[in-house]
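*Asks:* Below you'll find the structure I mean.
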Amino acid sequence: MAAGALSREPRFLELLFARRSVAVALGVFVVVLVACVLADVVAPADPARMSVRARLTPPGDAYWLGADAFGRDVLSRLLHAGRVSLTIGLGVALISSAIGIVIGLLAGFYRRLDGALSRLIDAMMAFPDILLAIALVSILGGSIVNVVAALSIVYAPRIARIVRASTLVVRELPYVEAARALGSSTRTIMTTHVLRNIVSPIVVQSTFIFAYAMLAEAGLSFLGVGVDPATPTWGTMIAEGRQYIDQASFLILFPGIAISVSVLSLQIIGDGLRDAMDPRLAKDL
Amino acid sequence: MTSYLVRRIVGMVVVILLVLTIAFVIVRLAPGDPAALMLGPEATPQDAVELRARLGLDRPILVQYLTFAGNALRGDLGTSIFFNRPVTEVLAGRAEPTIFLALMSLAIALVIATPIGIWAAYRRGSWLDQGAISTAMLAASVPSFWTGLMLQRWLATELGWFPAAGYGGPDADFLERMRHLILPAIVLGIVNSALILRFTRASMLDILGEDYIRTARSKGMPERRVVLRHALKNAAIPIITIVGLTFALLVSGAVVTERVFNIPGLGNLVVSAVLRRDYPVIQGTLIVVASLYVLINLLTDLLYLVVDKRVRY
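Residue numbers (our numbering), protein chains in the order written: chain A, 1 to 285; chain B, 1001 to 1313.
Here it is as structure tokens:
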């Protein structure tokens, strides 16, 4: 097993970086990620320090990306806000994958559950993501945890659908039959034999969900039904900056660029992963 | 064919019943008493008792669910707490801007995306192709409300080409109202064109590699005719599906875009309902939108039969 993994790895990375855009996107995303994680160290100023005199200062030497309506440094806020936005995106990607894997495996494995679970997935996917998310957040209340919970519920069916479809294919393969003949329990077959072989589509899809969740969080915050407006996220920064759009459009320009760059690099990485993990699927979409 | 239709319609009914159930459950997920939540902190316990009785919340949960589902299937989605009018009436009153916004932006998206998608596939690998894919990906990565805010400031406030916001006021005639939708429709259209472009290109690429295209070419058929008649006709099927699927994207986009441009449509209504805790309206919007989505996707599947005579179920 270990030897197999070793001999496969270089080929995978080679495939992944074969397209220069994927390498660039990964580089950009890592830079954004590291800068936000290390916000305490990297940020030039305290993101909460106010200064009346610096109010709405345009980008320049003192404030690289300007200062907001309270005279707070936009760059520092952007880095700290990014930490929250990225955490929400990652949290949603992980939790929705976990829920989706369980539902998808059950639906793919147990014929009796399949009908009901598949219809449930269809019904959940009939709700537009933002609409379902704002309904859920309105019920649960706006906080980081609840936004992550709501968006995980919204995106879990997408993973579940993919896991179910992949499970239906893999469960019929000879090695699964062999494992069953050798007396492996259904649970062992599900987790070791099937799940391990459908990891690629799950990883690809959760990369996209990471991206969608960041867009959705920004949308919710903009609508005023996301995280507490006092918590800086890229979405709340845009929502807050909106009042000053005529005097200081840079207040919404930079957080918008930050979201777009992160989401774009995640999408390119997702495309790259899909093509590298399963070259048969490689369709240069 | 008939059995396929029956199966699809039964499936659709089951999904719509589940949609009703989910919409019912979501509101019941709220911690605490829904009546107290709806009334807010200023209400007296007496108010809560009255509202509970009015909404039937004092009855067993199963009875409540059956009443809710039965009423919904007969077109009664309850009464808005804020407007004190039937939810269906409230929704109908706000539907016009959203419907026209969705149609206009879909038209814009198709006009932008289909020709570029066809051309990109035809000139695969060229700078035009790569530019088109990159632009589409970028358009799908930018938050639509951000695009909206930027274009609103630039094209409406600064250049004055479009009305900055609103729906023309109560006396505005139809044309004036539509004029207010142009800029929001462009914003939504840009977002949706990304998906349509990628799909058009992908399905054209599939078709252009087919034998019958080579045959048509070797017969000496003009390229224009090969691409537009033979290829596009067959590529149309996947494009139709994606148009059905963009409906969800359009609605999600409309919620945010209507808020940016202050358009009194369904999106704006549902956000206000969330802020006012008007749960029947939230529930009603969820049900109507999800049912429409299910219906539209059934219709696009059936359209296959019309577009492609080879598809038989």
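Even for Gly, the Cβ is constructed at its ideal location relative to N, Cα and C.
Could I get the ranges of all uninterrupted alpha helix (DSSP H) runs contained in the stretch 212-284 of chain A, with 4 residues as the minimum, in chain order?
*Replies:* Counting whole runs of 4 or more residues, the stretch 212-284 of chain A contains the alpha helix (DSSP H) stretches 234-241, 250-277.
*Asks:* Hey, Val42/A and Ala48/A: beta-carbon distance below 8 Å or not?
*Replies:* Not closer than 8 Å, so no.
*Asks:* Please list, in chain order, all residues of the same chain as Asn1071/B whose beta carbon is under 8 Å from its beta carbon, the five residues on each side excluded.
*Replies:* Contacts found: Leu1077, Gly1078.
*Asks:* DSSP on Asp73/A, reduced to helix/strand/coil?
*Replies:* Of the three classes helix, strand and coil, the one that applies to Asp73/A here is strand, per DSSP.
*Asks:* Can you tell which of Ile238/A, Gly235/A, Ile162/A, Gly82/A has its C-alpha closest to the C-alpha of Leu105/A?
*Replies:* When each option's Cα is compared against that of Leu105/A, the closest is Ile162/A.
*Asks:* Distance check for Phe1024/B and Val1294/B, CA to CA, integer angstroms please.
*Replies:* Cα to Cα, Val1294/B sits roughly 18 Å from Phe1024/B.
*Asks:* Going by C-alpha distance, which of Arg1007/B, Arg1214/B, Val1027/B, Arg1008/B is nearest Gln1283/B?
*Replies:* If we check each option's Cα against that of Gln1283/B, Val1027/B comes out closest.
*Asks:* For Met291/A, count the other beta carbons within 10 Å of its own beta carbon; 16 or more makes it buried, fewer makes it exposed. Which is it?
*Replies:* This structure leaves residue 291/A out entirely; chain A is present only between 1 and 285.
*Asks:* Pull up the distance between the alpha-carbon of Ala1236/B and that of Leu173/A, whole angstroms please.
*Replies:* Approximately 35 Å between the Cα atoms of the pair.
*Asks:* Report yes if the CB atom of Thr1200/B is closer than 8 Å to the CB atom of Ile1239/B, and no otherwise.
*Replies:* Yes, the pair counts as a contact, with Cβ atoms nearer than the cut-off.
*Asks:* For Leu140/A, which residues in the same chain have their Cβ closer than 8 Å to its Cβ, ignoring the five residues on either side in sequence?
*Replies:* Only Asn146, Ala149, Ala150 meet the Cβ criterion.
*Asks:* Specify, as a first and last residue, the run of the alpha helix (DSSP H) that Glu1258/B falls within.
*Replies:* Unbroken alpha helix (DSSP H) run through Glu1258/B: 1232-1261.
*Asks:* Compute the Euclidean distance between the alpha carbons of Leu1208/B and Gln1130/B, then round it to the nearest angstrom.
*Replies:* The straight-line gap from Cα to Cα measures roughly 18 Å.
*Asks:* Taking 7 Å as the limit between beta carbons, can you name the residues of its chain near Leu1302/B, skipping five residues before and five after?
*Replies:* The answer is none, since no qualifying residue turns up.
*Asks:* Per DSSP, which one or two residues make a beta bridge with Pro1086/B?
*Replies:* Note: Pro1086/B sits in a beta bridge opposite Thr1079/B.
*Asks:* Could you tell me how far apart the beta carbons of Val227/A and Gly142/A are, in whole angstroms, since I believe they sit closer than 8 Å?
*Replies:* Sure, about 6 Å apart at Cβ, within 8 Å.
*Asks:* For Val263/A, go through chain B and note every residue whose CB falls closer than 9 Å to its CB, in chain order.
*Replies:* Those are Ala1140, Ser1141, Val1142, Pro1143, listed as they occur along chain B.
*Asks:* Alpha carbon to alpha carbon, how far is Ala123/A from Ile103/A? Give it in angstroms, no decimals.
*Replies:* Computed Cα separation, rounded: 14 Å.
*Asks:* Look at the Cβ atom of Ala1136/B, then the Cβ atom of Leu1188/B, and state whether they are nearer than 8 Å.
*Replies:* It is not a contact, given that the beta carbons lie outside the stated cut-off.
*Asks:* Could you please tell me which residues of the stretch 248-259 of chain A, in chain order, have their CB closer than 7 Å to any CB of chain B?
*Replies:* Correct list: Ser249, Ile252, Gly256, Ile259.
*Asks:* How is Arg1165/B classed by DSSP in three states: helix, strand or coil?
*Replies:* Sequence inspection shows Ala at residue 1165/B; the Arg mentioned does not correspond to that position. Ala1165/B: coil per DSSP, three-state reduction.
*Asks:* Give me the Cα-Cα distance between Glu1096/B and Phe1174/B, rounded to the nearest whole angstrom.
*Replies:* The straight-line gap from Cα to Cα measures roughly 11 Å.
*Asks:* Using the Cα positions of Ser1315/B and Ile252/A, report the straight-line distance between them to the nearest angstrom.
*Replies:* With chain B covering 1001 to 1313 only, the question about residue 1315/B has no answer from this structure.
*Asks:* Going straight from the alpha carbon of Asn1268/B to that of Glu1210/B, what length do you get?
*Replies:* Going by the C-alpha atoms only, they are around 47 Å apart.
*Asks:* On a Cα-Cα basis, can you pick out the residue from Leu120/A, Ala116/A, Ile101/A, Leu15/A that is closest to Thr167/A?
*Replies:* Of Leu120/A, Ala116/A, Ile101/A, Leu15/A, the residue nearest in Cα terms is Ile101/A.
*Asks:* The alpha helix (DSSP H) spanning Trp1127/B covers which residue range?
*Replies:* Its alpha helix (DSSP H) spans residues 1127-1141.
*Asks:* Leaving out five residues on either side along the sequence, give the residues of the same chain with a beta carbon under 7 Å from the beta carbon of Val1271/B.
*Replies:* Excluding positions up to five away in sequence, the list reads Val1255, Arg1259.
*Asks:* Where are the alpha helix (DSSP H) runs, 4 residues long or more, that stay fully inside the stretch 138-173 of chain A, in chain order?
*Replies:* Runs of the alpha helix (DSSP H) inside the stretch 138-173 of chain A: 144-170.
*Asks:* Residues of chain B with a CB under 8 Å from the CB of Ile238/A: which are they?
*Replies:* What Ile238/A touches in chain B: Pro1143, Phe1145, Trp1146, Leu1149.
*Asks:* Taking DSSP as the reference, what is the three-state secondary structure of Leu6/A?
*Replies:* Bear in mind that a pLDDT of 49 at Leu6/A, under 50, signals an unreliable position, so the number given afterwards is only what the model happens to contain. Three-state result, Leu6/A: helix.
*Asks:* Taking any Cβ of chain A, which residues in the stretch 1244-1262 of chain B have a Cβ under 7 Å from it, in chain order?
*Replies:* Cβ contacts with chain A come from Ala1248, Val1251, Ser1252, Val1255, Val1256, Arg1259.
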